[in-house]
Amino acid sequence: MDDKTLIKKIKEGDRNSIRLLVENHENLVWHIIISMIGRNIDSEDIYQEVFLQVFKGLGNFRADSRLSTWIGSVAHHICVDYLRKIKKEREIVTQDSEHIKELNMSTNINWKQIEEEDLNRKVLETISELPVVYRTLITLYHFDDCSYKEIAEITNMPEGTVKSYINRGRAMLKEILVAQVPDINEIMN
Amino acid sequence: MNSESMENNELDDLIRNALLTKDDLKIVSGLSDKVIKKLEKRALLRELVVNLLMKAGLVIGSLVVLLGVFIWLNGEEVLLKLYDYFYLNWNIISSILLLLVIVTIIDQVILQFYKTLNGGYKY
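Sequence order for the protein chains is A and B. Just so you know, we're using this note's numbering here: the first sequence kicks off at 157 and counts up by one. Just so you know, we're using this note's numbering here: the second sequence kicks off at 7 and counts up by one.
Here you go:
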C-alpha cells in the first residue's frame with residue numbers, strides 16, 4: 157500500500173491501516189529514540205508520544221517526502237526537545253578532538269583470544285560514547301539502511317553535513333578501535 | 007597499526023554486526039500493540055464526535071429551516087412572541103437543552119465508544 161492510500165484509510169478510521177502505520181515504522185522510531193536518549197524510563201513514553209503526534213499531524217503531511225522520513229523526523233524532533241528539556245544540549249555536538257582524548261585511548265589489551273561477542277561489545281561501548289549526533293546518524297545509516305538523503309530529511313540537516321558527520325563518526329570509531337585493539341584486523345579476519 | 011589498514015567495508019561490517027547484537031535496539035515486546043490500541047481509541051472517538059456534530063448540524067439546520075418557513079407563513083410577530091416566550095422561560099428551556107446535549111453525548115459518543123471497543127468495530 158502506498159503512503160497516500162495508507163493515510164487516506166487511516167483518516168477513514170480503518171483499523172488495519174493504523175496497525176500497518178505503526179508496525180511499518182516501529183523499528184525506525186525505536187532506533188532513533190535509543191540512539192539519541194538511550195534506554196530509560198522515558199523511552200517508551202516518547203515512543204508513544206511520537207506516534208500520537210504522527211497520528212495528529214497526518215492531516216498536515218505533504219506527500220513531497222516519504223512517510224517514513226517524516227515519521228523519523230517527528231521522532232528526532234521529540235528526542236531533541238527531550239534532550240533540551242533535561243539540559244543535555246551540550247551532548248548534541250562536541251568537539252571531535254577533545255572527545256577522542258576523553259575516550260580511553262591508552263588501554264592496550266591483549267585481544268588475541270578475544271571472542272567475537274567481546275569485540276561487538278567493545279564496538280557498542282565505543283559507539284555509545286560518541287556524541288549523540290554521530291551515534292544517531294551511524295545507527296540510521298548502518299542499521300536502518302537509510303540513505304544520506306533520508307537521514308538529512310529525518311534530522312533536518314543538509315545532506316553534505318550528514319555525510320560529513322557519518323564519516324567523522326566512523327573515523328573516530330576507527331581510531332579508537334585500532335588504538336585499543338591493535339590486532340583488530342586479525343581478529344576480524 | 008595504521009587506522010587506514012582497516013578497510014571501510016570491514017568497519018561497516020563491524021558496526022553493523024555490533025549493532026545487531028545490541029539488545030536495546032530490539033523494540034520492547036507489546037509496546038507497539040499498546041500504541042496501536044491507543045491510536046485506535048483516538049480514531050474511534052474522533053469518528054463518533056464528528057458523526058455527532060454532523061447529526062446535530064442536521065437537526066439544528068432542519069429546525070432553522072422550519073422556523074424560517076413558520077415565520078414566513080405567519081409573519082414577524084410570531085418571531086417576537088417566540089423570543090418573549092424563550093426570554094421568560096430561559097431557565098427551564100436551557101436546562102432541558104443542556105440535559106438533551108448531555109444525554110446525546112453519553113448515548114452517541116461515550117456508550118457507542120465502549121460498545122464498539124468491547125464488541126469490535128461495526129464497520
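Glycine included, each C-beta is placed from N, C-alpha and C at the ideal position.
Item, Value
"Distance between V289(A) and C235(A) (C-alpha atoms, nearest Å)", "11 Å"
"Neighbourhood of L329(A) by C-beta, 8 Å cutoff - its chain only, sequence neighbours within 5 removed", "V279, T282, I283, L286 and I294"
"Cβ-based neighbour list, T250(A), same chain, cut-off 6 Å, excluding 5 preceding and 5 following", "Interpretation of T250(A) is limited by its pLDDT of 47, a score under 50 that renders its predicted location unreliable; the figure taken from the coordinates is listed afterwards. Only P287 meet the Cβ criterion."
"Per-residue burial, W226(A) [other beta carbons within 10 Å of its own, 16 or more giving buried]", "buried"
"Candidates R222(A), V230(A) and A219(A), of which the one nearest F211(A) by Cα", "V230(A)"
"Any C-beta of chain B under 8 Å from that of L280(A)", "yes"
"CB contact check: Y203(A) to chain B, cutoff 8 Å", "yes"
"Cutoff 8 Å: I307(A) Cβ touching any chain B Cβ", "no"
"Length of the line joining the Cα atoms of P314(A) and T161(A)", "29 Å"
"Buried versus exposed, by CB contacts within 10 Å (16 or more), S101(B)", "exposed"
"Three or more C-beta pairs below 8 Å linking the stretch 77-88 of chain B and the stretch 205-223 of chain A", "no"
"Cα-Cα separation, G169(A) to L214(A)", "12 Å"
"Distance between E306(A) and A219(A) (C-alpha atoms, nearest Å)", "14 Å"
"CB contact check: K330(A) to chain B, cutoff 8 Å", "yes"
"For V65(B) and V84(B), the rounded distance between their alpha carbons", "21 Å"
"Beta-carbon proximity list for E200(A), same chain, < 8 Å, skipping 5 on both sides", "none"
"Short CB-CB distance (under 8 Å) between T295(A) and chain B", "yes"
"Segment contact flag, the stretch 172-186 of chain A with the stretch 36-51 of chain B, C-beta cutoff 8 Å, min 3 pairs", "yes"
"Residue burial classification, F92(B) (beta-carbon count within 10 angstroms, cutoff 16)", "exposed"
"Outcome for W186(A) when other beta-carbon atoms lying within 10 angstroms are tallied against a minimum of 16", "buried"
"Chain B within 8 Å of S190(A), Cβ atoms only", "In the sequence on display, residue 190(A) carries Ile and not Ser. Taking Cβ atoms only, chain B reaches closer than 8 Å to I190(A), which makes this a yes."
"Span separating the alpha-carbon of K257(A) from that of C302(A)", "For K257(A), the predicted model reports a pLDDT of 47, less than 50, meaning its position is unreliable; a value from the coordinates is still stated below. Distance between the alpha carbons of K257(A) and C302(A) is about 30 Å."
"Length of the line joining the Cα atoms of I98(B) and T110(B)", "18 Å"
"Where the stretch 71-82 of chain B meets chain A: residues whose CB sits under 7 Å from a CB there", "none"
"Where I174(A) meets chain B, residues with beta-carbon distance less than 8 Å", "I42, L45, E46 and A49"
"With 16 other Cβ atoms within 10 Å as the buried cut-off, status of M157(A)", "exposed"
"Simplified DSSP state of D300(A), which is helix, strand or coil", "coil"
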